[in-house]
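Participant:
Number of protein chains: 2
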Amino acid sequence: MSKLLIAGTVAYDSLRTPGGERAKILGGSAMHAGVAASLLVQSRLLSVVGGDFAPEHLDFLSGRGIDLSGVKIIPEGKTFAWSGFYEKDLEQAHSLRTDLNVLNVFDARLPENYLNSEYVFLGNIDPELQLKILAQLPERKFAALDTMNFWIDGRKTVLLKAIAEADLLFINDAELRQLTGEPNLPRAARSLLGGRLKYVALKKGENGALLIGAESIAVAPAFPLADVLDPTGAGDSFAGGFMSWVSLRGTEADQLRAALVYGTLAASFNVQGFGCERLAQVSPADIKTRYNEYKMLTSAPELNYFLQGVRQC
Amino acid sequence: MSKLLIAGTVAYDSLRTPGGERAKILGGSAMHAGVAASLLVQSRLLSVVGGDFAPEHLDFLSGRGIDLSGVKIIPEGKTFAWSGFYEKDLEQAHSLRTDLNVLNVFDARLPENYLNSEYVFLGNIDPELQLKILAQLPERKFAALDTMNFWIDGRKTVLLKAIAEADLLFINDAELRQLTGEPNLPRAARSLLGGRLKYVALKKGENGALLIGAESIAVAPAFPLADVLDPTGAGDSFAGGFMSWVSLRGTEADQLRAALVYGTLAASFNVQGFGCERLAQVSPADIKTRYNEYKMLTSAPELNYFLQGVRQC
Chain A
1 MSKLLIAGTV
11 AYDSLRTPGG
21 ERAKILGGSA
31 MHAGVAASLL
41 VQSRLLSVVG
51 GDFAPEHLDF
61 LSGRGIDLSG
71 VKIIPEGKTF
81 AWSGFYEKDL
91 EQAHSLRTDL
101 NVLNVFDARL
111 PENYLNSEYV
121 FLGNIDPELQ
131 LKILAQLPER
141 KFAALDTMNF
151 WIDGRKTVLL
161 KAIAEADLLF
171 INDAELRQLT
181 GEPNLPRAAR
191 SLLGGRLKYV
201 ALKKGENGAL
211 LIGAESIAVA
221 PAFPLADVLD
231 PTGAGDSFAG
241 GFMSWVSLRG
251 TEADQLRAAL
261 VYGTLAASFN
271 VQGFGCERLA
281 QVSPADIKTR
291 YNEYKMLTSA
301 PELNYFLQGV
311 RQC
Chain B
1001 MSKLLIAGTV
1011 AYDSLRTPGG
1021 ERAKILGGSA
1031 MHAGVAASLL
1041 VQSRLLSVVG
1051 GDFAPEHLDF
1061 LSGRGIDLSG
1071 VKIIPEGKTF
1081 AWSGFYEKDL
1091 EQAHSLRTDL
1101 NVLNVFDARL
1111 PENYLNSEYV
1121 FLGNIDPELQ
1131 LKILAQLPER
1141 KFAALDTMNF
1151 WIDGRKTVLL
1161 KAIAEADLLF
1171 INDAELRQLT
1181 GEPNLPRAAR
1191 SLLGGRLKYV
1201 ALKKGENGAL
1211 LIGAESIAVA
1221 PAFPLADVLD
1231 PTGAGDSFAG
1241 GFMSWVSLRG
1251 TEADQLRAAL
1261 VYGTLAASFN
1271 VQGFGCERLA
1281 QVSPADIKTR
1291 YNEYKMLTSA
1301 PELNYFLQGV
1311 RQC
């Protein structure tokens, strides 16, 4: 059985996109990553919610094989809540309100039964907490860390320490440039490698993803979609998909490349519905169908045969 | 023999990038496209230069098998000249000076021996001239048109007319959104199809390219490079590579996909040197080597085998 730990937020999101709106739906980095991972493996969630968290939402998550023994319920508190909207271009989330609520007292302490976790996804939370979680995991084999500009702005030193303790960093292109001051993405990514860090998984949204190692690059374009409904959680479902694959198949180079593509497909479903509405409906047959289409759209045709005729100028 | 016509500018560029600077080097859309095309085929250039245009530059171009009988030399005029610079991020060219010079009297009249051209690349010039060129080509099989925000701002009506007369439109993502008002790229591209137009080739720079048809999409990520020196002409060398492939292999769907990748590889060499310095040094062996590496970096691994184990939640 996979021993994948997913730590991060579980939230209530209220949002509006050009395609519609939803109030108080399930959101948060750990939720999106956990639901994406649940297509392949059972995982363990580390998070915190308030007394307002609906029992049917707990049922939904545990019904997907997600272990919730590390999701602390604080009866007198309220669940982390975010509200916002997207413009027509869906490029950037505009926050209307962010209520940290119970996140303010999240202590990131692992229950006994999580301590043997081998694979870890640290969703976007305070890097101090990310470090605290890693310190509780003596048997970890591969830890991946996600972050955002907020922590780069305000907590760069501790963030760099946490990054050096992880095996892989999930980050988007703007954040990578901000963190390193280097505009060229392969160079920027490689400037971070060292300590324990061996890979940067670069999230580029509709432009896909790159996996950059010291001497390797793998490229996965995004699945082109004409019906993106809600980009919230795309990066988290990508990471959750990626890490579920790795927890099942290991970290050899070929498997990391496969994980990159698998995560890309998970994210493509995520954005086709609000919250995790679409992703939660996905069947293995859907994934296979999308993978086959993806392979058709993205595979480079055999140029070598045609290139026989190239002339020397 | 291929009958590829390349129309556009031949320029003297003076530019500075973080990697160095050059004064009065060969530039212009037709030059970049022509040099890229010359790796595969002989083409015909339609352009205009001034009396200051150096004989060795004419020799350089004709030495690459490019027919210059349609390059009008106006002895009393000066060659189109551009100077500018790029910031560290290489994202945007900042113009310091643009001297149209002989471009002001470019009449886009084709010499007799060009009139049987079958494949046409219309570089970024006034759409009125692009229309005029197309009107002179009764035997054309496939014409591709490039443009830029300047013409979208100022000449939208005639530009849309020219686009509807072409078979394929080269355009970048910002321009496509500007032209159509639709942020979703596949939807935006498809909103333009009609008249004669069957494809939009979307140029996304370091994020690669998409080829969008009414019911098809092909995706080509860019070749990831840690040593981009000068992005000038990347789009033109992409288009020139693409059209050279098409002029040699035709316009079946498979060949258009191959052209997309081939153009991507041509552009990857173009940006590794100033102007066409690097591209002009490329050998067939270099292309094959880069293609093999590209295929390795970008090919989606076989997930289907692994997906056998996917569980149904």
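Top to bottom, those sequences are chains A and B.
With this note's numbering, letter number 304 in the first sequence gets 304, and the count goes up by one each step, no holes.
With this note's numbering, letter number 49 in the second sequence gets 1049, and the count goes up by one each step, no holes.
The beta carbon of each residue, even a glycine, is placed where N, CA and C say it ideally should be.
#1: Could you say if the stretch 1062-1077 of chain B and the stretch 1021-1028 of chain B meet the contact criterion of at least three C-beta pairs nearer than 8 Å?
#2: Beta carbon of residue 31 of chain A, beta carbon of residue 121 of chain A: below 8 Å?
#3: Any C-beta of chain B sitting closer than 8 Å to the C-beta of residue 171 of chain A?
#4: Between residue 1286 of chain B and chain A, is the shortest Cβ-Cβ distance under 8 Å, so that the two count as touching?
#5: Which residues, in order along the stretch 1183-1215 of chain B, keep a beta-carbon less than 9 Å from a beta-carbon of chain A?
#6: What residues from chain A crowd round residue 1046 of chain B, counting only those whose CB sits closer than 8 Å?
#7: Measuring CA to CA, which of B:1115, B:1153, B:1111 and B:1182 is closest to residue 89 of chain A?
#8: If we count the other Cβ atoms within 10 Å of its Cβ and call it buried at 16 or more, is residue 1003 of chain B buried or exposed?
#9: What's the C-alpha gap between residue 388 of chain A and residue 1277 of chain B?
#10: What residue range does the alpha helix (DSSP H) around residue 1117 of chain B cover?
#11: Would you call residue 1190 of chain B buried or exposed, if buried means 16 or more other Cβ atoms sit within 10 Å of its Cβ?
#12: Excluding sequence positions up to five away, which residues of its chain have a Cβ less than 6 Å from the Cβ of residue 12 of chain A?
#13: Can you give me the C-alpha to C-alpha distance between residue 1232 of chain B and residue 36 of chain A, rounded to a whole angstrom?
#14: If you reduce the DSSP assignment to three classes, tell me which class residue 278 of chain A lands in.
#15: Going along chain A in order, which residues have a C-beta closer than 9 Å to the C-beta of residue 1298 of chain B?
#16: Could you tell me if residue 195 of chain A is buried or exposed, where buried requires 16 or more neighbouring beta carbons within 10 angstroms of its beta carbon?
#17: Check whether the Cβ atoms of residue 221 of chain A and residue 1055 of chain B lie closer than 8 Å to each other.
#18: Evaluate the contact criterion for the stretch 136-146 of chain A versus the stretch 105-123 of chain A: three or more CB pairs, one atom per stretch, below 8 Å.
#19: Identify, in the order they occur along the chain, each residue of the same chain with its Cβ nearer than 6 Å to the Cβ of residue 193 of chain A, setting aside the five sequence neighbours on each side.
#20: Measure how close the beta-carbons of residue 83 of chain A and residue 15 of chain A come, nearest whole angstrom, since I'm counting them as under 8 Å.
#21: When burial is assigned at 16 or more other CB atoms within 10 Å of the CB, is residue 59 of chain A buried or exposed?
#22: Return the bridge partner residues of residue 39 of chain A from the DSSP annotation.
#23: At which residue ranges does the stretch 106-174 of chain A contain complete beta strand (DSSP E) runs of 3 or more residues, listed in the order of the chain?
#24: Closest to residue 1009 of chain B by CA distance: which of B:1105, B:1087 and B:1288 is it?
#25: Can you tell me whether DSSP reads residue 1289 of chain B as helix, strand or coil?
#26: Could you tell me how far apart the beta carbons of residue 1261 of chain B and residue 224 of chain A are, in whole angstroms, since I believe they sit closer than 8 Å?
#27: Any chance you could list the alpha helix (DSSP H) runs of at least 4 consecutive residues sitting entirely within the stretch 1005-1093 of chain B, in chain order?
#28: Tell me which residues share the same chain as residue 1038 of chain B and place their Cβ nearer than 7 Å to its Cβ, disregarding the 5 neighbours each side in the sequence.
#29: Quick test of the definition: if touching needs 3 or more C-beta pairs under 8 Å, does the stretch 200-212 of chain A touch the stretch 1109-1117 of chain B?
#30: Using the three-state DSSP reduction, which class does residue 297 of chain A fall into: helix, strand or coil?
#31: Do we get a CB-CB distance below 8 Å when we pair residue 3 of chain A with the residues of chain B?
#32: Under a Cβ-count criterion, where at least 16 other Cβ atoms within 10 Å of its own Cβ denotes burial, should residue 1156 of chain B be classed as buried or exposed?
#33: Hey, residue 1271 of chain B and residue 1230 of chain B: beta-carbon distance below 8 Å or not?
#34: Once DSSP output is grouped into helix, strand and coil, what is the label at residue 189 of chain A?
#35: Report all residues from its chain with a CB closer than 8 Å to the CB of residue 134 of chain A; omit the five preceding and five following residues, and keep chain order.
#36: Apart from the five residues on each side of it in sequence, which residues of its chain come closer than 8 Å, Cβ to Cβ, to residue 1202 of chain B?
Facilitator: In short, the structure shows the following:
#1: no
#2: no
#3: no
#4: no
#5: 1183, 1184, 1185, 1186, 1187, 1190, 1204, 1206, 1207, 1208, 1210 and 1212
#6: Residues of chain A passing the Cβ test: none, with the nearest at roughly 20 Å.
#7: B:1182
#8: buried
#9: Outside the shown range of chain A (1 to 313) lies residue 388 of chain A, about which nothing can therefore be said.
#10: Segment: none, residue 1117 of chain B is in no alpha helix (DSSP H) and carries neither H nor E.
#11: buried
#12: 24, 79 and 81
#13: 41 Å
#14: coil
#15: 218, 219, 220, 221, 298, 299 and 300
#16: exposed
#17: no
#18: yes
#19: 214
#20: 7 Å
#21: exposed
#22: For residue 39 of chain A, which the question treats as bridged, DSSP gives no partner whatsoever.
#23: 119-122, 142-146 and 168-172
#24: B:1105
#25: helix
#26: Wrong, their Cβ atoms sit about 16 Å apart, outside the cutoff.
#27: 1029-1037 and 1055-1063
#28: 1064, 1065 and 1066
#29: no
#30: helix
#31: no
#32: exposed
#33: yes
#34: helix
#35: 120, 122, 140, 143, 162, 165 and 166
#36: 1171, 1172, 1173, 1176, 1185, 1189, 1209, 1210, 1211 and 1212
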